[in-house]
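In the working numbering, the protein residues as written are 35 to 815.
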């Protein structure tokens, strides 16, 4: 026997979590049905005592693997197939080992076959190619021969019928998938610009531009949908139909800003679309009143699907898959943060900057979490925040009043004067100019107030600012919707076209103010910073610019029913904003000193946008169901509500053609059917929530299991390696001071909770290695 001293073992102190994890888990992975029996472990211990340390550890590789399989943390992965393991429990250990080895060999064969499949099919010298390929795999020579033989048999075996067809279809599918990914990469809009922005300013700033790009891509299918089904048929009917359009209004450049004049009676607005049945092709009718309504419903459903899918995908990526301990983020950035596809010097420098900014964001957030305040500071802070919120509520009320006053005194008054030929262009633009002005002023006041609230991290300050700005813009839009549906609809003949013009002017004037902000607040501040050192370059206002995008897209959704070509205007606006903002960012702005790690910001942006989308759908739905349409324009003249087209025309026709439809509609509208549907939906919701909770619990358990496995391996590898190295010394085995310290927590009397794991297991390992039982006291000998 050897004299053992493992006082130099590192990392043993970390193993105190053994008995904690083993005793707290609900799955009890150390039960007798899973953990190897005491006789098996005692046999290994007797073998160690008989042949000695040196000879015993000549079989070190297999003993290490076997010992690691017996660790408490390794048992959780076997809970799923507990029944299968119970049937094999009566078999000897040696056949079980052989089964494990065979399964590993089969798995290795499958991996090699999967990775070399395409190359083996096209290789001329199959045996030589396979020799060089299998030689690199880390396994014994006999296993390599067996694997090579098995692969040769599988490759040379002719396939016929369905397996051959399945194989060829799989190859074709993989080929087209690869080509589609390459083509999609070529169509990736603004990719190089986004990489430059991320490298220079970090993930927080680039999240704004990614969001802008995503909003633009939403409008593309909506525009194509509207242009194909509404605009083209209406244009063809106006050119070749029975009633051709005769417009004597001349075009003026100011019409592009006001939306009036030549554009008022154009394809841009609701009033252009006829209520007559169109026969562009003889024998085929085209009912615009049906197409207009169902197209409206179609693109709102399309937007709902896109928003829902994007939000769920973003939430899964940034909150579920990327969730976990924050302490691992530095390791992940350091080990897997580099892009090995970089080939140019410029791209390498940009990636360096990007990683630097990400490290800075994480370190700043981690530093701010450690700060504490006493009771007096907290009382003062909460008093300031309460007063700030009261002031914000007052500002929101004031913004609503200003919006209503400007709309009633300037907007509708000028529209009535326009009908009497006594209007002015300035009054037409007065309402959007005033609203855009206060939209630029109030967020600055919010930012000033937030500087006194002392939030713990820039991310919290960003989210608070976004919430206040969103409430501010939402208040203005709510007042505008009330004004249009309650006041304008009862005073203007073609009020739908008037609403479309108002929204068009809001979109155009908002674009002018966004570009003006980039010039006056960023470019002029840069000029001043070059002359006066006390004035610094502007930081990129992520929250304000993001809310501008959400506001612009909300206007698009709100006006889409009244101005079908509005998505085209918004697309051109977003393209212009992207290039102007990028140029201003790279030349006029400076990276934020207080960066926040905000890769999850896209999820927050989409969440806010989804809320505005629902509000816009509610407003448009209200106008379709409850507001009387105009009698002089549009496809719904002489209807008391737009929704009546479905009741009076479509449903009545179906009832006359099919009596069974009336019975089905009565059943569907009955209280019992509605109650049954609601109960079923609640059951599905309850089931989904239960599954979600169980998955979350399993994820947490697996995360703890991974941590425990790492500690297991670190402890036992160090322990057994020290035994192997110092096993040549003669004498009585005796533990060193570090080993005694590490095993002190496990040397106490076992309780019921750790009877099958934790302390008992560690003592078994120590006793089998040291050759004599450890003392049961807590103190070291």
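Virtual Cβ for every residue (Gly too), placed ideally from N, Cα, C. For clarity, every value in this text was computed on a predicted model and none was experimentally measured.
Item: Does the structure place the stretch 431-446 close enough to the stretch 504-522 that three or more beta carbon pairs sit under 8 Å?; Value: yes
Item: What do you get for residue 183, buried or exposed, if any count of 16 or more other CB atoms within 10 angstroms of its CB means buried?; Value: exposed
Item: Who are residue 623's beta bridge partners in DSSP?; Value: 572
Item: Answer yes or no: do residue 530 and residue 332 have a C-beta to C-beta separation smaller than 9 Å?; Value: no
Item: Is it buried or exposed, residue 268, if we count other Cβ atoms within 10 angstroms and call 16 or more buried?; Value: buried
Item: Using only alpha-carbon positions, find the residue among 266, 328, 285 and 290 that is nearest to residue 301.; Value: 266
Item: Per DSSP, which one or two residues make a beta bridge with residue 312?; Value: 320
Item: With DSSP collapsed to three states, give me the class of residue 756.; Value: helix
Item: Is residue 307 helix, strand or coil by DSSP?; Value: coil
Item: Which two residues bound the contiguous alpha helix (DSSP H) that contains residue 289?; Value: 289-292
Item: Might you give, ordered along the chain, the residues of its own chain that have their beta carbon closer than 8 Å to the beta carbon of residue 387, omitting 5 neighbours on each side?; Value: 233 and 234
Item: Should the stretch 583-602 be regarded as contacting the stretch 250-258, the criterion being three or more beta carbon pairs within less than 8 Å?; Value: yes
Item: Does the Cβ of residue 536 have 16 or more other Cβ atoms within 10 Å, making it buried, or fewer, making it exposed?; Value: buried
Item: Check each candidate in 328, 566, 460 and 364 and name the one with the smallest Cα separation from residue 289.; Value: 460
Item: With a CB to CB cut of under 6 Å and the five nearest residues on each side skipped, what residues in its chain are close to residue 619?; Value: 574
Item: If you drop the 5 nearest sequence neighbours on each side, which residues of the same chain put their C-beta closer than 6 Å to that of residue 166?; Value: none
Item: Report the rounded CA-to-CA distance for residue 315 versus residue 209, giving the unit in angstroms.; Value: 43 Å
Item: Got a sec, what are the start and stop residues for the alpha helix (DSSP H) residue 555 sits in?; Value: Note, residue 555: premise wrong, no alpha helix (DSSP H); not H, not E.
Item: Just tell me which of 605, 534, 722 and 416 has its CA closest to the CA of residue 592.; Value: 534
Item: Candidates 589, 698 and 714: which alpha carbon is nearest residue 654's?; Value: 589
Item: Please classify residue 566: is it buried, with 16 or more other beta-carbons within 10 angstroms of its beta-carbon, or exposed?; Value: exposed
Item: Return the chain-ordered ranges of every alpha helix (DSSP H) run that is complete within the stretch 643-707 and spans a minimum of 4 residues.; Value: 686-691 and 693-702
Item: Taking the alpha carbon of residue 525 as the point to measure from, which residue in 493, 685, 323 and 663 has its own alpha carbon closest?; Value: 663
Item: Let me know if residue 749 comes out buried or exposed under the rule of 16 or more other beta-carbons within 10 Å of its beta-carbon.; Value: buried
Item: Assign residue 480 to one of three DSSP states: helix, strand, or coil.; Value: helix
Item: With DSSP collapsed to three states, give me the class of residue 211.; Value: helix
Item: At least one CB of chain C closer than 9 Å to the CB of residue 423: is that the case?; Value: Given the protein chain composition of this structure (a single chain), no chain C is represented.
Item: Closest by CA to residue 828, which one among 409, 622, 327 and 728?; Value: With the chain covering 35 to 815 only, the question about residue 828 has no answer from this structure.
Item: Taking the C-alpha atoms as reference points, what is the distance between residue 755 and residue 747?; Value: 12 Å
Item: Could you check the C-alpha separation between residue 532 and residue 725 for me, to the nearest Å?; Value: 50 Å
Item: If you draw a straight line from the alpha carbon of residue 682 to that of residue 648, how long is it in whole angstroms?; Value: 28 Å
Item: Could you tell me whether the Cβ atoms of residue 543 and residue 466 are closer together than 9 Å?; Value: yes
Item: Please name the residue, chosen from 540, 571 and 323, that lies closest to residue 816 on a Cα-to-Cα basis.; Value: The chain is shown only over 35 to 815; residue 816 falls outside these bounds and no answer can be derived.
Item: Who are the Cβ neighbours of residue 595 in its own chain at under 6 Å, not counting the five residues just before and after it?; Value: 330 and 654
Item: Helix, strand or coil for residue 567 per DSSP?; Value: coil
Item: Below 7 Å CB to CB, which residues in the same chain sit around residue 658 once its five sequence neighbours on both sides are set aside?; Value: 676 and 677
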